[in-house]
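Written out below as structure tokens is the structure these notes cover.
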Amino acid sequence: MAQLDVVSLAILLGSLLILAGILSSLLALRFGAPLLLVFLIVGMLAGEGGIGGIKFDDVTTAYTVGSVALALILFDGGLRLRMQTFRSVLAPALLLATVGVLVTAAITAPFAKYLLGLGWTEALLVGAVVGSTDAAAVFFLINARGLRLRPNVRATLEVESGTNDPFAIFMAVMLVEILLAGSKSWSELGYDLARQVSLGCLIGFVGGHLMVLTLNRLQLAQGLHAPFVAVGALAVFALTQSVHGSGFLAVYLAGLVVGNRPTRAHNSVVTFLDAITWLAQIVMFVLLGLLVWPARLMNSLIAALVVSAALMLIARPAAVFLCLSPFKFRWNEKLFISWVGLRGAVGIFLASIPLLVGLPTSYIYFDIAFVVVLTSLLIQGWTIGLAARRLDVAFARNDPLPRRVELDLPGQLAQEIVGYPVPANSPFLRRGLIPSWARPTLIIREEKILLPSEAGKVREGDYIYLLAPPEKAQSLDRFFVDMPHLSATDPALLGDFFVPGATTLGGLSEFYGLPATDADPMMQLNTYFVTHLDRAPRQGDVLMWGEVALVAHKVSGGKVTTVGLRLDEPDPAPPQNLVGRIKAALQRLERRLF
415 MAQLDVVSLA ILLGSLLILA GILSSLLALR FGAPLLLVFL IVGMLAGEGG IGGIKFDDVT
475 TAYTVGSVAL ALILFDGGLR LRMQTFRSVL APALLLATVG VLVTAAITAP FAKYLLGLGW
535 TEALLVGAVV GSTDAAAVFF LINARGLRLR PNVRATLEVE SGTNDPFAIF MAVMLVEILL
595 AGSKSWSELG YDLARQVSLG CLIGFVGGHL MVLTLNRLQL AQGLHAPFVA VGALAVFALT
655 QSVHGSGFLA VYLAGLVVGN RPTRAHNSVV TFLDAITWLA QIVMFVLLGL LVWPARLMNS
715 LIAALVVSAA LMLIARPAAV FLCLSPFKFR WNEKLFISWV GLRGAVGIFL ASIPLLVGLP
775 TSYIYFDIAF VVVLTSLLIQ GWTIGLAARR LDVAFARNDP LPRRVELDLP GQLAQEIVGY
835 PVPANSPFLR RGLIPSWARP TLIIREEKIL LPSEAGKVRE GDYIYLLAPP EKAQSLDRFF
895 VDMPHLSATD PALLGDFFVP GATTLGGLSE FYGLPATDAD PMMQLNTYFV THLDRAPRQG
955 DVLMWGEVAL VAHKVSGGKV TTVGLRLDEP DPAPPQNLVG RIKAALQRLE RRLF
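Last residue of the sequence shown: 1008 in my numbering, with the numbers rising by one and none dropped.
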């Protein structure tokens, strides 16, 4: 019976730790702190060197949980990424994910060698351990801050964060093998890399298509679709790892395949994975925090802080500027991408590998990685919003995300029902805009269900449900955002909706349901700018077309290539009383600081 009591107590303590992590996430959301930081600190305080006094040194369990959690996180990242986004920044993101990681590790290594007295291979292992960025930390903070990053910057960060983990893991494992078994020839290293990448791509691609085929062909019981996909992702990961391929690359590609193919129960799969990845991250971070001994950290604290500073201020910027030099990124965009290279779960997870295999002084890698992650999240994590605005890589307005409801329609895969509450300042309500591929089907008003023909004009506070293709459902968010009023002369605002400059006025009117004007419906938008300006178009030029402002978003060779539709109305008159002016000044100060 005593053994049963021990098991019960272990379950109780584990549950309390996870609950503490979940509840502490409310503070993280309130103050913008990265959740990874909160969970690590909870684990560290509960550990043997903290106030909890829990003795935990089972590296095998921590590594196993970390592998499962990272596999699910990477699969979820691939599932949410649109193929169009992936293709648009594939070359720069892959350079950052491979050459960038290698350059980062190579520049970090000398600092680790001379500060810690390590050999070159061991120092390079330190660089590999902290060489990759953490997608979960980056995008939690971007979304928590409500930042509307410019499309090429956000897409590059998204794809890089999802694809650099496999290469960093490959580097770390190869260096650990060299330290255990002696040197390896370049041909052996090349063969290992080629094998891992090829097997990862093959199994990931095939596994993703098999999951799609199973979801669409077999009549699984309701509620089993999401668990099937999650377990299928783990099977793809484990199979690839067992044949010495890159399981992390395979599971990311499998997610990319599943997320970009029409499948049954897509929304329930996304919701389930969102919950399971949250739980996996919490468990992994708490366990990794339990492995930390605060007293031992002090022995290498100064060296770890210097390594962290070198990583943030020298290694990461050098890698970014080198890898992005062949592409059309502005200097401020490169600088922002450099600063947003947050370190997180992968670094601490990789640092557990030397502990697992019993390398001499293996605790050094873990302690260095832990300090690097903490400082990265504390310094870079809390300044993302400030950096985005100072470097002008975010649009001027932070939009709250609308509350979207998605419902699958059994028997077909082409359409689903998407529902939104209708706020007062949404583009849909203020301009009547809705894309041609979305069709209103139901209106809920004062708890009554009405057809669009019965409801008449949609009002503030209504709930509207539309038929839309699943792959485009998220694009409807922008029509139901509660937009604040902004100045129409704001030069930093380059449009809420983007269309190619070759789009015709008639096509634009038909797609967004805009009222027709006297202008030639066959006239292209780039021609419209040339016709109505007495000079060559410049980025940020604004022309009115009916009640909608057309903004020159991108200009190349004197020709507008991308046009933004601005749907805002001018600010109301500035407050005249003293209290109103003070409130407005405080709001401006808050925007500048945060």
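Where a beta carbon is used, it is the ideal one built from N, C-alpha and C, also for glycine.
Computed from a predicted model, the values in this text were never measured in an experiment.
For residue i, count the other beta carbons within 10 Å of its own beta carbon; 16 or more makes it buried, fewer makes it exposed. Which is it?
i, result
"D490", "buried"
"W600", "exposed"
"V421", "exposed"
"M937", "exposed"
"S656", "exposed"
"E572", "buried"
"P824", "exposed"
"I425", "exposed"
"K871", "exposed"
"M726", "buried"
"S840", "buried"
"T478", "exposed"
"W753", "buried"
"Q610", "buried"
"V977", "buried"
"A635", "exposed"
"E747", "buried"
"G795", "buried"
Between the Cα of residue i and the Cα atoms of the options, which residue gives the shortest distance?
i, options, result
"V832", "L770, S889 and M497", "S889"
"H680", "A640, A783 and K469", "A640"
"V819", "D891, G545, W851 and L791", "D891"
"L488", "I455, L648 and L791", "L648"
"P676", "G622, L638 and F470", "G622"
"I716", "F686, I690 and V786", "V786"
"L873", "A808, M497 and E860", "According to the sequence as given, residue 873 is Arg; it is not Leu. Closest option to R873, Cα to Cα, is E860."
"V452", "Q633, I696 and P731", "I696"
"R710", "A828, V944, E591 and F784", "F784"
"G541", "L589, V552, R564 and Q498", "L589"
"V650", "G954, D955, G467 and S481", "S481"
"Y364", "L433, A838, F743 and M726", "Lying outside 415 to 1008, the shown extent of the chain, residue 364 is not represented and no answer is given."
"V543", "L788, M625 and D579", "D579"
"L1040", "P914, D806, L805 and G758", "Because the chain is modelled from 415 through 1008, residue 1040 falls outside the range shown and cannot be assessed."
"R564", "D896, F943, V503 and I592", "V503"
"D548", "A828, T654, T577 and I782", "T577"
"T474", "G755, I455, M698 and S682", "M698"
"D896", "P835, G954 and S867", "P835"
"I455", "P708, S714 and N746", "P708"
"F373", "L922, G531, F842 and W745", "Outside the displayed span of the chain (415 to 1008) sits residue 373, for which this structure offers no information."
"L667", "E747, A608, I782 and M497", "M497"
"I690", "S714, R678, M712 and F642", "F642"
"L827", "A882, R844 and L788", "A882"
"K527", "E602, S714, L670 and E591", "S714"
"V568", "L607, F912, G659 and A808", "According to the sequence displayed, residue 568 carries Arg and not Val. It is A808 whose Cα lies nearest to the Cα of R568."
"M499", "E574, S429, L509 and L805", "Going by the sequence as given, residue 499 is Thr instead of Met. The shortest Cα separation from T499 among E574, S429, L509 and L805 belongs to E574."
Spatial neighbours of residue i within its chain, please: CB distance less than 6 Å, with the 5 preceding and 5 following residues excluded, ordered by chain position.
i, result
"A694", "A483 and L486"
"L864", "I857"
"P506", "T570, L738 and F741"
"G545", "V515, T518, A519 and A582"
"A950", "G972"
"V974", "G915, N940, F943, P951 and A966"
"A652", "none"
"Y879", "I831, G833, T855 and L856"
"P731", "S752"
I'd like the list of long-range same chain contacts for residue i, defined as Cβ closer than 8 Å, with 5 residues on each side in sequence excluded.
i, result
"F780", "L705, V706, I762, A765, S766, P768 and L769"
"R952", "A966 and V969"
"L594", "V771 and L773"
"A724", "I521, T522 and F525"
Using a Cβ-Cβ cut-off of 7 Å (strictly less than) and excluding sequence neighbours within five positions of residue i, which residues of its own chain qualify?
i, result
"I728", "I521"
"T945", "none"
"G673", "G492, L493, R494 and L495"
"G467", "none"
Three or more C-beta pairs below 8 Å linking the segment 660 to 674 and the segment 604 to 618: yes
Three-pair Cβ contact test at 8 Å for the segment 692 to 705 versus the segment 451 to 459: yes
At least 3 beta-carbon pairs within less than 8 Å: the segment 715 to 725 vs the segment 758 to 767: no
Continuous alpha helix (DSSP H) assignments of at least 4 residues falling wholly in the segment 664 to 708: 680 to 704
contact_flag[the segment 510 to 517, the segment 728 to 743] where n(CB pairs < 8 Å) is 3 or more: yes
Stretch-stretch touch, CB-based, cutoff 8 Å, three pairs: the segment 789 to 800 with the segment 771 to 779: no
Complete alpha helix (DSSP H) runs within the segment 862 to 899 (minimum length 4 residues, chain order): 866 to 869
Sufficient close CB pairs (3 or more, under 8 Å) joining the segment 624 to 634 to the segment 581 to 589: no
Runs of alpha helix (DSSP H) lying entirely within the segment 466 to 519, each at least 4 residues, in chain order: 473 to 494, 497 to 502 and 504 to 509
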